[in-house]
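Novice:
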């Protein structure tokens with residue numbers, strides 16, 4: 001599935017470097033022909049989706065509660081910057097640390113179950129965080145935390161200038177993206193993929209899969225938090241929207257539409273969905289309806305996502321080594337059945 | 001010196017009133033988690049649309065009353081039939097296509113459907129609720145000595161218990177239920193015996209969805225009929241399902257009512273935690289018994 005992955009065994013094909021250079025050049029030039037706040041929002045959502053995809057695409061765990069980390073971190077960062085008066089870099093670190101801690105607790109509990117149970121558990125925990133944010137004093141309830149100061153990065157870089165803020169967000173995104181790419185292509189990432197394909201076998205090979213899954217969950221939560229913290233500084237605002245279950249659904253949709261288990265898929269999905277929301281913002285609930293329709297269409301006919309379909313051509317070769325996703329899934333279902341027969345607990 | 005006692009022991013009427021609210025909520029949790037469990041058993045999907053279908057049931061009753069002048073009692077039958085048929089269409093047209101894929105796709109598909117249905121109703125009716133009057137036979141309340149019990153609420157508790165037990169009876173004690181349970185265990189083998197499993201899957205989905213709609217009709221006079229009523233309750237019901245485990249029908253019923261009661265009690269003693277207590281219990285259950293209180297390891 002990971003067509004774009006930089007396999008360590010063989011040098012990355014030249015096409016990957018060309019694409020990377022082109023995309024970074026595009027990102028550097030973007031604020032000169034696009035509205036910077038729009039691109040910054042899209043970059044935050046893209047990092048959020050990439051963090052989510054690390055879990056779904058590479059460990060096979062569908063979290064329906066990632067808004068808790070995204071929105072929770074944005075609240076902490078907003079509070080740290082506004083009330084504690086922390087500089088932006090420390091405020092963001094505080095948000096990321098909170099998201100990672102939350103990820104440790106939720107992950108520890110949630111990885112005890114798999115599949116749809118995992119999805120339901122993460123959703124329920126995220127709803128708990130939502131209710132907490134609704135009731136806690138420091139979050140400002142329905143009003144959220146407004147007028148968050150962007151401050152000066154390291155004391156001398158003024159983030160109040162739109163272009164400076166833009167390049168800061170771009171650096172944050174590239175950092176998070178780099179961490180994810182590195183993790184996926186490390187031995188750690190290989191074990192994650194092994195767990196995704198066949199967990200019982202990974203266990204029989206001596207891997208403590210629980211620890212790998214928990215670590216992946218914390219990493220994913222922390223990076224989702226990084227995205228949320230940055231978004232809080234971009235908009236100078238933290239609100240209940242970012243911690244609501246609809247946000248968890250949105251990040252699933254971004255990843256699905258771009259391509260689950262592809263490196264660039266979530267980025268493409270995030271830009272598409274943010275653009276769509278931008279244009280349909282005035283039409284009330286139509287955003288929700290159209291998102292629902294895209295969900296249904298993607299699940300029925302377009303499960304590989306945009307990057308999953310396009311990437312083989314963009315790389316100048318057809319994917320042939322990897323079996324089609326369907327085949328893998330049927331195999332997994334059979335493994336499930338075998339496990340049922342063996343009476344193993346999940 | 002004993003100031004804290006006043007906090008710890010609330011006045012009796014408040015106590016019983018919250019207990020009643022808890023029991024009512026529990027009745028809806030039980031009916032919804034029952035439908036989820038039945039659908040999950042045969043289709044292996046978590047029906048995310050369940051909340052939207054509960055909302056559809058309530059809106060059906062509201063349409064019947066306001067557009068056609070059809071009252072509560074006929075609506076109790078007509079609304080679940082309409083929503084059930086809609087469910088059958090969904091199963092035939094959409095869910096069947098992805099039955100052989102990873103179960104997560106079923107979750108995503110039904111989530112998308114829930115967004116569509118809710119979005120359409122929110123576009124039409126906003127976020128505010130429409131009132132639905134209590135049927136005239138069930139207005140008023142009776143004095144139980146320690147509290148006033150509104151007749152409609154008593155009816156909801158009795159009726160939901162009856163519905164839950166009837167569902168349990170059909171699944172655990174009848175021939176049809178035996179086929180159903182057999183198909184849950186091994187659909188291929190049951191098919192080899194000449195039983196039309198695909199049709200059974202369709203009807204089961206329709207039945208589970210109709211149960212959600214029935215709960216929606218019963219909820220209409222208590223909560224306002226609002227496009228958001230489904231998504232508000234479905235996440236809590238998911239937590240109830242995780243706590244109870246999907247293995248047993250009786251487990252779904254018992255945990256539904258019990259957790260409603262716990263929620264009501266929390267409202268008495270520590271109101272701030274009432275919206276989160278079920279999730280905390282879920283965390284504790286996951287620590288102690290990951291498969292759920294009544295769940296079989298699956």
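Protein chains in written order, with the working numbering: chain S, 1 to 346; chain Z, 1 to 298. Where a beta carbon is used, it is the ideal one built from N, C-alpha and C, also for glycine. The structure presented is a predicted model; accordingly, all values stated were derived computationally and were not measured.
1) What residues in its chain sit with their C-beta under 6 angstroms from that of residue 33 (chain Z), if we drop five residues either side in the sequence?
2) Taking beta-carbon pairs under 7 angstroms, can you tell me which members of the stretch 34-67 of chain Z lie near chain S?
3) Taking DSSP as the reference, what is the three-state secondary structure of residue 141 (chain Z)?
4) Would you mind telling me which residues of chain Z sit closer than 7 angstroms to residue 285 (chain S), beta carbon to beta carbon, in chain order?
5) Using the three-state DSSP reduction, which class does residue 152 (chain S) fall into: helix, strand or coil?
6) Residue 115 (chain Z) CB to nearest chain S CB: under 9 angstroms?
7) If the cut-off is 9 angstroms on Cβ atoms, which residues from the stretch 192-212 of chain Z count as contacting chain S, listed in chain order?
8) Would you kindly check if the distance between the Cβ of residue 29 (chain Z) and the Cβ of residue 221 (chain Z) is under 9 angstroms?
9) Between the Cα of residue 246 (chain S) and the Cα atoms of S:292, S:177, S:271, which residue gives the shortest distance?
10) Using a Cβ-Cβ distance under 9 angstroms, would residue 280 (chain Z) count as near chain S?
11) By the three-class DSSP mapping on this structure, what secondary structure does residue 143 (chain S) have?
12) What are the boundary residues of the alpha helix (DSSP H) that includes residue 63 (chain Z)?
13) If you pair each beta-carbon of the stretch 62-81 of chain S with each one of the stretch 191-201 of chain S, do three or more pairs fall below 8 angstroms?
14) For residue 100 (chain Z), I'd like the list of residues in its chain whose CB is within less than 8 angstroms of its CB, leaving aside the five on either flank, ordered along the chain.
15) Among Z:48, Z:185, Z:80, which one has its Cα closest to the Cα of residue 231 (chain Z)?
16) Suppose only complete runs of 3+ residues qualify. What are the beta strand (DSSP E) ranges in the stretch 65-104 of chain Z, listed by chain order?
17) Using a beta-carbon distance cut-off of less than 9 angstroms, what residues from the stretch 89-101 of chain Z approach chain S?
18) Report the residues of the stretch 229-257 of chain Z with a CB closer than 9 angstroms to any CB of chain S, ordered along the chain.
19) Decide if the stretch 16-27 of chain Z is in contact with the stretch 81-94 of chain Z; the criterion is three or more beta carbon pairs, one per stretch, under 8 angstroms apart.
20) Taking residue 74 (chain S) as the reference, which of S:201, S:113, S:270, S:88 has the closest Cα?
21) Once you ignore the five residues that flank residue 154 (chain S) on each side, which residues in its own chain have a CB closer than 8 angstroms to its CB?
22) Measuring straight from C-alpha to C-alpha, what distance separates residue 66 (chain S) and residue 96 (chain S)?
23) Opposite residue 210 (chain Z) in the DSSP bridges: which residues?
24) Check the C-beta distance from residue 95 (chain Z) over to residue 45 (chain Z) and give it rounded, since I have them as a contact under 8 angstroms.
25) Looking at the C-beta of residue 283 (chain Z), does it have a partner C-beta in chain S at a distance below 9 angstroms?
26) Please classify residue 21 (chain S): does DSSP put it in a helix, a strand, or coil?
27) Is the distance from the Cβ of residue 36 (chain S) to the Cβ of residue 174 (chain S) below 9 angstroms?
28) With H, G and I counted as helix, E and B as strand and the rest as coil, what does DSSP make of residue 46 (chain Z)?
29) Taking only beta-carbon atoms, is residue 195 (chain S) less than 9 angstroms away from chain Z?
Specialist: On the basis of the supplied data:
1) 237, 240, 241, 252, 256
2) 46
3) strand
4) 119, 122, 123
5) strand
6) yes
7) none
8) no
9) S:292
10) yes
11) helix
12) 50-68
13) no
14) none
15) Z:48
16) none
17) 94, 97, 98, 100, 101
18) 231, 235, 236, 238, 239, 241, 242, 246
19) no
20) S:88
21) 87, 89
22) 13 angstroms
23) Residue 210 (chain Z) is not bridged to any residue.
24) 7 angstroms
25) yes
26) helix
27) no
28) coil
29) no
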